[in-house]
Amino acid sequence: MDSKQNVGSPDRDRINVNEDYELQYWSEKFNISRDELKEAVKAAGTSVKAVQAYLNK
Numbered sequence: 464m465d466s467k468q469n470v471g472s473p474d475r476d477r478i479n480v481n482e483d484y485e486l487q488y489w490s491e492k493f494n495i496s497r498d499e500l501k502e503a504v505k506a507a508g509t510s511v512k513a514v515q516a517y518l519n520k
């Protein structure tokens, strides 16, 4: 579960596609649609670095 009070490194290093504000933030950051972000997380996992590497392929 994502806690807005825990904003340290572990929280910033993961993408939670079940939170609308995270979908909005990360889809804008990566310049992709929300559905594309969900697919990337499904393929690469929740790590921001893993998703970024997947998208850069």
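For what it's worth, this note's numbering labels the leading residue of the sequence shown as 464, then goes sequentially. The C-beta atom is built at its ideal place from N, Cα and C for all residues, glycine as well. Keep in mind it's a predicted model, so treat the numbers as computed, not measured.
Q) With burial defined as no fewer than 16 other Cβ atoms inside 10 Å of the residue's Cβ, what is the status of residue 503: buried or exposed? A) buried
Q | 6 Å Cβ shell around residue 477 - same chain, five flanking residues per side excluded | A | 509
(Q) Quick check on the DSSP output: the alpha helix (DSSP H) that includes residue 504 runs from which residue to which? (A) 497–507
Q | Element boundaries [alpha helix (DSSP H), containing residue 485] | A | 483–493
Q) Any idea which residues DSSP pairs residue 477 with across the strands? A) 510
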